[in-house]
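Enquirer: The numbers in the UniProt record's numbering rise by one with no breaks, and the one at position 131 of the sequence shown is 131.
All residues carry an ideal CB built from backbone N, CA and C; glycine is no exception.
What follows is a structure written as structure tokens; I'll ask about it next.
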Amino acid sequence: MMKNSRQDPSIEPPSGLAGQGRAVARIVVPTAAQHGSAFSARRMGMAAFGREGDPFLNLDHFRMGGPTFPPHPHAGFSAVTYMLPESPGGMRNRDSRGDHSVIPSGGLHWTAAGSGIVHEEVPEHDGLTIEGFQIFVRQPVAQEDAAPVIHHVDPDGVPEVGLNRGFARVLAGRYGDRGAPFDPPSPLALIDVTLVANEPFAWTPEPGITSCAIYLFAGRLATGGREVAAPVLILFEHGQAPVHCTAIEDTRLLVLAGRPLDAPSVSNGPFVLSSQAALDAAVERYRRGAMGALT
């Protein structure tokens, strides 16, 4: 059962709902991932996003019931954790910059790792299975040596836009005249959308945001002349044309859109940099303790 509409008569959803909209480039079915007994995920990695999904690297739609991953480093990209509003509990985050936060249901925590950071995330309450997204996003090459930056948004800080009958939560970037309360490292948009059966939805990109994907995680929709059923990742052709879709039944989806970085990518585990030299330097920083430690 979908939540009640959050239509606010003072907020008009973006216009332009008619028409087929942008063409679909690829449709990818997530793979199943399992780590121990407490973590499972629908995973969409670098191969899934590919050129069409640049600057996004990975999306895990996870369920987690206990500590799974020990403290670990990141460098060269942003690690974004979003707890779904319907999750029965939140996530506890701590990092080597001294941040100790609880990401509650409906909240978001954005770690722009830059030159490197160590962090750990565990369920707030052990044994309670929580649900959310972890999204990895490339940072621009010029930010690879930058100090880490943290953005934390509690549920009541996430702007909501009423649609015809459903609603959209603006996690990053903008939708219509509503914007998230922080600037991401590069222009992009993350929007959690709830639609009821037969409801149309349109997203029109800001200038320069030419890549767009939709993770359909519940329901069915029609877009680009196709009908698709969850769970799938829908990648659209690059461009500035609007993306249109219509829910065939009650539907949940996540819009992931950005400005492609079109930069070389060299990765090794939790590090994604633009060159082998930059990757080697990040590994060395971690080995000598320059990324810090948890306290």
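Can Ala202 and Pro242 be called in contact, C-beta distance under 8 Å?
Expert: Yes, Cβ-Cβ distance for Ala202 and Pro242 is below 8 Å.
Enquirer: Where does Ala172 land, buried or exposed, given buried means 16+ other C-beta within 10 angstroms?
Expert: Buried: at least 16 other Cβ atoms inside 10 Å.
Enquirer: In the DSSP assignment, find the alpha helix (DSSP H) that holds Asp280 and state where it starts and stops.
Expert: Note, Asp280: alpha helix (DSSP H), 276-287.
Enquirer: Straight-line CA distance for Ile248 to Ala75?
Expert: The straight-line gap from Cα to Cα measures roughly 41 Å.
Enquirer: What are the partner residues of His151, as DSSP defines its beta bridges?
Expert: Bridge partners of His151: Trp110.
Enquirer: From the DSSP output, in three-state form, read off Gly16 for me.
Expert: At Gly16, the pLDDT of 38 sits below 50, so the modelled position is not reliable; the number obtained from the coordinates is stated separately. If DSSP states are grouped into helix, strand and coil, Gly16 belongs with coil.
Enquirer: On a Cα-Cα basis, can you pick out the residue from Glu124, Ala168, Phe182 that is closest to Gly176?
Expert: If we check each option's Cα against that of Gly176, Ala168 comes out closest.
Enquirer: Does the beta-carbon of Pro70 have 16 or more other beta-carbons within 10 angstroms, so that it is buried, or is it exposed?
Expert: The residue is exposed, with fewer than 16 neighbouring Cβ atoms inside 10 Å.
Enquirer: Residues in the same chain with beta-carbon distance under 6 Å from Pro85, minus the five sequence neighbours each way, listed in chain order, please.
Expert: Excluding positions up to five away in sequence, the list reads Ser105, Gly106.
Enquirer: Return helix, strand or coil for Met291, following the three-state DSSP convention.
Expert: The answer is coil: DSSP assigns Met291 none of H, G, I, E or B.
Enquirer: Please name the residue, chosen from Pro159, Ala293, Phe39, that lies closest to Leu128 on a Cα-to-Cα basis.
Expert: Comparing Cα-Cα distances from Leu128 to each of Pro159, Ala293, Phe39, the minimum goes to Phe39.
Enquirer: Report buried or exposed for residue 338, applying the criterion of at least 16 other Cβ atoms within 10 angstroms of its Cβ.
Expert: Look at the range of the chain in this structure, 1 to 295, and you will see that residue 338 is not part of it.
Enquirer: May I ask which residues mark the beginning and end of the alpha helix (DSSP H) holding Phe56?
Expert: No alpha helix (DSSP H) holds Phe56; the beta strand (DSSP E) holding it covers 56-64.
Enquirer: What do you get for Gln134, buried or exposed, if any count of 16 or more other CB atoms within 10 angstroms of its CB means buried?
Expert: So Gln134 ends up on the buried side.
Enquirer: Just checking, does the stretch 145-158 make contact with the stretch 114-132 on the three C-beta pairs under 8 Å criterion?
Expert: In short, these stretches touch, since the Cβ pair count reaches three.
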